[in-house]
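Each remark here refers to the structure printed beneath this line.
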Amino acid sequence: MTRIFEAAARGGTLPLPWTPKAAAIAFNAMLSGLINEWARGETDFELVPDAVAAANTLLEAWSGATGSLSR
Numbered sequence: 000m001t002r003i004f005e006a007a008a009r010g011g012t013l014p015l016p017w018t019p020k021a022a023a024i025a026f027n028a029m030l031s032g033l034i035n036e037w038a039r040g041e042t043d044f045e046l047v048p049d050a051v052a053a054a055n056t057l058l059e060a061w062s063g064a065t066g067s068l069s070r
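Heads up: the sequence shown runs through residues 0 to 70, numbered per numbering that gives the first Met the number 0.
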C-alpha cells in the first residue's frame with residue numbers, strides 16, 4: 000500500500016505533512032478498524048458500502064480530487 004501513496008506523492012496528490020508511509024498506516028488502520036468492528040457485530044453500519052464511502056472520503060480529503068475506489 001505504501002507504493003500507492005508513493006505514487007500519489009510523486010504525482011502531487013498526497014498533501015503535506017503526510018508521508019507515503021504515514022498515509023499507508025492511517026489508511027490501513029481505518030480499514031482494519033472498520034472490519035474489526037463489523038466482525039465483532041457491535042456496529043450499526045454495513046461493511047461494504049460504508050467502508051467504501053469512508054475510504055473514498057479519506058482519499059478525497061488527501062487528494063482534493065474526486066477519486067473513487069470503484070474505478
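Every residue, glycine too, gets a C-beta built ideally from N, C-alpha and C.
Model, not experiment: these values are computed from the prediction.
For E36, the CB contacts under 7 Å within the same chain, skipping 5 residues up- and downstream, are T42 in chain order. For V47, the closest alpha carbon among the candidates A23, A6, S31 is that of S31.
Burial check for L15: the Cβ neighbour count within 10 Å stays below 16, so the residue is exposed. For T1, the enclosing alpha helix (DSSP H) has its first and last residue at 1–9.
Boundaries of the alpha helix (DSSP H) harbouring F26: 19–39, taken from the DSSP string.
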